[in-house]
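In order, the protein sequence lines correspond to chains A and B.
Heads up, the first sequence is in our numbering, so the first residue is 1 and it goes up one at a time.
Heads up, the second sequence is in our numbering, so the first residue is 170 and it goes up one at a time.
Glycine included, each C-beta is placed from N, C-alpha and C at the ideal position.
Report on the structure given below.
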Amino acid sequence: MTQGELEALVIRAKARDPEAFMKLMDSQMQVLYKIARSILSNDDDAADAIQDTILTCWEKSSALRENGYFKAWSTRILINRCYEIIRENRNVTYVEELPEIPVNEGSDAEWKEALAVLEKENRLIVTLYYVQGFRTKEIAAILGMTDGAVRKRLARAREQLKRYYREEA
Amino acid sequence: MGRSDFEIRRIFSEEEVLPEVVRRKKHEAYDTIFDQVKAQETRKEENAQSEGATKRKGKMSLHRLGTLPKVAGFLIACVLVFGGTAVATTLLLNRYDRMKQMEQKEKDTLWGDLEQGGNLAYELSRQLTARESDRLNKLREKYKSNEAFPDGELARLVEGEAYSGEGVALCRGAGTNGTENLIYLPERELTDEELLEIVEYEEKLIYVVHENNEKRFAESADWAKRLTELTDEEVDYYYLAFFSTRMGLFDGYCRVVNGVFMGSTEGGDKLSASENVRYQEMLREYEEKGRIPASEAVVIEKPEDYAGNGIAVCRYDANFYLPATELTDEELLQIIDFRKKAYYSAQRIDDDVKLGHRQARPSLPQKESDELKNLSSKKFSETTGETKLSDLNNAAIGDLVEFGSYEQDGDCANGSEKIRWYVLDETQDCYVLLAERILDDKAFNEELKTVSWADSDLRGWLNGEFLKTAFSAGEQSRIVADEVRNEYGGDTKDKVYLLSDREICEYFGIDPQAVDLTVFGTDVKASLKRQAELLDELDPRLFAKPTEEALKRGAESFEQASVDAYLKFDKIDFSKALGNGSWWHRSASPQQGPFANATVSSGLVNAGQYVNDAYGIRPVIRVRK
């Protein structure tokens with residue numbers, strides 16, 4: 001989907017066209033899932049976060065000023081929701097104790113394998129950079145970090161991936 | 170072999186079937202939304218019925234505006250839709266001309282529609298059939314490419330006027346709750362003319378919205394009003410100073426202490442904590458009290474033009490160059506003022522392009538491009554014909570020559586192979602040569618740190634080990650150790666060096682203002698598509714393949730698996746990039762951190778590669794005639 005097509009759907013979605021909205025969310029579903037899974041450790045929590053994000057985006061879509069920022073905006077809503085879920089889960093499992101992402105849960109997708117290689121704090125940045133295609137400056141804005149910090153983490157993550165693939169080879 | 174950025178991107182872009190739980194929760198959310206909408210519609214219908222409104226029955230559908238069309242580059246006469254000579258006359262105008270022909274009265278009426286309907290909305294008296302929707306979309310595309318326009322326009326009904334049942338007619342406030350605007354549709358299938366009238370109505374609404382953007386911005390604050398008073402020339406000036414860079418990053422800071430650019434590790438890329446506090450204070454003063462700087466930040470062309478004092482905006486990298494000293498209030502105001510003007514200018518230019526007032530965004534005037542041309546010869550780019558292997562003593566620009574030798578075929582036992590070079594340029598005394606292929610694979614710097622070409626490990630290796638390995642003593646004596654003019658970090662004196670961003674543009678005939686050479690925009694797919702197109706558009710000699718030996722040493726090349734993956738996942742054909750490798754430039758911009766630029770497999774510049782990553786080496790030498 002081109003940026004233009006995406007924006008066309010955003011405009012229609014903002015005007016409360018449910019079909020356009022669903023088409024829009026469907027086009028983002030892979031990305032949203034990968035982002036959710038880069039923060040949360042299981043599909044159930046990821047599914048909850050995505051469901052809440054869909055409803056929040058629908059309710060708040062008129063608050064989106066720039067149609068071109070839909071991706072960043074929905075990503076931010078999703079990330080916030082994911083962290084809320086972690087906080088809610090704290091009563092049960094302390095966040096540091098959350099299990100590592102199981103490599104083979106549901107599928108043996110290569111990206112899950114790659115995510116599992118990375119340090120927890122770098123997974124989200126790598127996903128935003130490679131899956132969503134955000135620039136480091138945009139990631140910095142979404143996560144409230146400096147551009148330099150994003151680049152440093154990305155560098156570390158790439159090193160980890162490279163090392164992993166070298167060892168694997 | 171390590172995995173390239175392309176490869177990692179491919180892995181993460183891999184589509185997979187979403188887990189059942191995710192699909193279920195998604196559908197639950199969609200059901201909730203549908204229920205909400207249905208409940209809302211039922212309420213609306215009940216209200217309408219109770220008010221005794223004489224609306225047609227059937228499900229109302231909301232129709233909103235589409236995106237603003239892109240600038241149409243051409244005009245195609247299409248008589249299939251209408252036929253006849255009258256149509257041909259209509260088609261002489263493009264859609265923007267049609268918009269511009271609107272009289273103020275019509276614009277006011279449309280604005281009135283927007284105010285009445287709110288949220289850019291109108292409703293249709295009945296839902297379009299699937300066939301009509303499909304035709305509407307197709308006709309919208311034709312309208313946008315100037316292939317089809319309506320002969321007439323949407324009829325307007327005054328309040329209370331009955332709809333005749335024929336043609337399409339708009340009645341303000343006849344929609345839901347007596348607020349939405351309603352377009353009455355005949356019960357039969359809509360004609361092309363009727364659909365086009367709806368399309369044009371939408372287009373006109375969008376046009377009016379954009380035209381009013383500026384007005385609304387001006388009314389939002391005094392400082393905003395001041396910006397709207399900028400002339401078109403001023404708008405171009407601020408835009409070009411800030412957004413004409415193709416270096417990928419912009420709007421950063423670069424502090425210069427004793428003539429040295431401070432990198433991010435030294436905090437040179439940001440304001441100090443106390444400056445940040447005062448920046449916010451000044452921003453309030455600027456926005457709320459109308460405080461403006463006494464003078465403006467100056468615009469410089471290149472980082473080395475910065476005098477070391479005051480605030481300068483550098484066109485090359487769109488950074489604010491700052492003095493070593495704590496910034497004064499005046500200097501902070503200069504930054505705020507320039508930044509506001511630059512972003513406003515970009516917005517205004519975008520609006521102008523969308524409204525058809527401009528064909529495209531401005532680019533640097535020809536005069537300045539000519540100045541850049543003088544930095545080096547442009548002739549190489551004009552020799553794109555067949556490349557012939559020449560004798561170095563009698564070569565011409567664009568020829569291939571052999572000089573020195575290096576292990577290339579991956580078989581050390583048979584000795585090293587002669588190196589082939591493109592003759593990039595010639596002076597009275599020497600030739601400038603660029604290796605045809607990627608000869609090796611090295612990091613720009615072993616340690617991940619802010620580093621300029623002058624201090625890089627790669628420069629040391631090229632002028633040390635590589636020089637000794639590739640050239641005999643006699644050959645070495647023919648290589649000129651001359652000044653290399655660097656964009657960053659001071660000039661160097663090198664025998665072997667790499668091309669800079671600017672030299673690449675010059676030698677390969679690329680106008681950096683016209684071709685965005687940076688890889689990966691926000692829209693990955695669009696960016697990939699553009700890269701694939703550029704494989705055809707750019708000088709093929711810009712693309713280089715690693716030698717067998719370089720591949721052995723870890724050089725990456727665009728592999729068949731990547732070609733297949735892009736074809737499969739993105740439907741983009743990268744087969745022309747097959748075998749191409751990535752190679753370092755010497756353009757490292759220390760003030761932006763530990764990064765240097767490289768040309769990637771598909772010929773584009775990847776601004777900001779980590780210096781400790783290994784990329785291909787395509788050396789440049791100057792050989793005495």
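Item                                                                                                                                 : Value
Contacts around A:L24, its chain only, beta-carbon distance under 6 Å, and the 5 residues preceding and following it disregarded     : L9 and A13
Separation of B:Y406 from B:A515, as counted between CA atoms                                                                        : 11 Å
One or two residues paired with A:T56 in a DSSP bridge                                                                               : According to DSSP, A:T56 bridges with nothing at all.
Cross-chain neighbours of B:F203 in chain A, by beta carbon under 8 Å                                                                : P18
Residues that A:W58 contacts on chain B, provided the C-beta gap is smaller than 7 Å                                                 : I202
Contact set for B:K662: own chain, Cβ-Cβ below 8 Å, skip 5 residues either direction                                                 : A650, D651, E652 and V653
Burial state of B:V327 (16 or more Cβ within 10 Å)                                                                                   : exposed
Contact between the segment 629 to 648 of chain B and the segment 664 to 671 of chain B (3+ Cβ pairs under 8 Å)                      : yes
Assumed close pair B:A481, B:V467 - CB separation to whole angstroms, cut-off 8 Å                                                    : 5 Å
Residue interval of the alpha helix (DSSP H) (run including B:C674)                                                                  : D670 to Y676
When A:I50, A:Y164, A:I86 and A:E88 are compared against A:T75, the one with the closest alpha-carbon                                : A:I50
B:V377 versus B:E322, B:Y265 and B:I352, residue with shortest Cα-Cα distance                                                        : B:Y265
Which of helix, strand or coil DSSP assigns to B:Y600                                                                                : strand
Length of the line joining the Cα atoms of B:L396 and B:K384                                                                         : 11 Å
Close-in-space but distant-in-sequence residues of the same chain around B:F411 (CB under 6 Å, 5 per side omitted)                   : A487 and A511
Cβ neighbours of B:G748 in the same chain (closer than 6 Å, five flanking residues each side left out)                               : K714 and S726
Closest residue to B:R787 among B:W280, B:K274, B:R447 and B:D610 (Cα-Cα distance)                                                   : B:D610
A:N122 - DSSP class collapsed to helix/strand/coil                                                                                   : helix
Beta carbon proximity, B:D486 to chain A, threshold 7 Å                                                                              : no
Burial state of B:R325 (16 or more Cβ within 10 Å)                                                                                   : exposed
Spatial distance of B:S532 from A:E167 (CA atoms)                                                                                    : 48 Å
Cβ of B:A198 within 7 Å of any chain A Cβ                                                                                            : yes
Reduced DSSP category for B:V732 - H, G, I as helix; E, B as strand; rest coil                                                       : helix
Under 8 Å by beta carbon: chain B residues contacting A:T127                                                                         : F181
Min CB distance A:Y69 to chain B below 7 Å                                                                                           : no
DSSP three-state assignment for B:K618, whether helix, strand or coil                                                                : coil
Contact set between the segment 604 to 625 of chain B and chain A, restricted to residues whose Cβ is under 7 Å from the partner     : L617
Bridge partners - B:I469, DSSP secondary structure assignment                                                                        : B:C483
Segment contact, 8 Å Cβ cut-off, at least three pairs: the segment 187 to 200 of chain B with the segment 26 to 38 of chain A        : yes
Distance, B:R460 Cα to B:N478 Cα                                                                                                     : 22 Å
Amino acids of chain B, ordered along the chain, whose beta-carbon sits closer than 7 Å to that of A:Q51                             : K194, K195, E197 and A198
Endpoints, alpha helix (DSSP H) assigned at B:H754                                                                                   : Careful: B:H754 lies outside any alpha helix (DSSP H), inside the beta strand (DSSP E) at W752 to A757.
Touching by the beta-carbon criterion (3+ pairs, under 8 Å), the segment 150 to 165 of chain A and the segment 200 to 216 of chain B : no
Enclosing alpha helix (DSSP H) for B:S514 [first to last residue]                                                                    : D498 to L524
Alpha carbon of B:E363 to alpha carbon of B:L293, nearest angstrom                                                                   : 13 Å
Neighbouring residues, chain A, relative to B:R178 (Cβ below 8 Å)                                                                    : Y130
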